[in-house]
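First residue of the sequence shown: 0, per numbering that gives the first Met the number 0; consecutive thereafter. Ideal Cβ placement from N, Cα and C applies to all residues, glycine included. This one's a predicted model, so the numbers in the text were calculated from it and none came from an experiment. Okay, structure first, notes after.
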Amino acid sequence: MCIPNLPFTLEGNQFPVCLSYAMTINKSQGWTFNELELFLPEPVLGHGQLYIAFSRTCKLSEVR
């Protein structure tokens with residue numbers, strides 16, 4: 000929409016947004032996901048947690 004002869008200029012920024020959902024590894028137990036992206040800023044507490052994280056998808060190629 001363009002309104003001519005306004006006494007001011009409107010400017011805006013747009014950012015691409017992708018809807019996502021986050022949960023802890025422990026909370027994901029019992030779930031299966033089509034795609035999974037792991038964010039591990041700190042070392043995982045145990046090998047069991049890492050196994051849970053990687054086993055939430057059917058294929059390893061679905062984990063990023």
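For the options L37, N12 and N33, the alpha carbon positioned closest to that of I24 is the one of L37.
Here A52 is buried, its C-beta having at least 16 other C-beta atoms within 10 Å.
Judged by DSSP secondary structure, A52 falls within the alpha helix (DSSP H) whose first and last residues are H46 to F53.
Put simply, the backbone Cα of K26 is about 11 Å away from that of R55.
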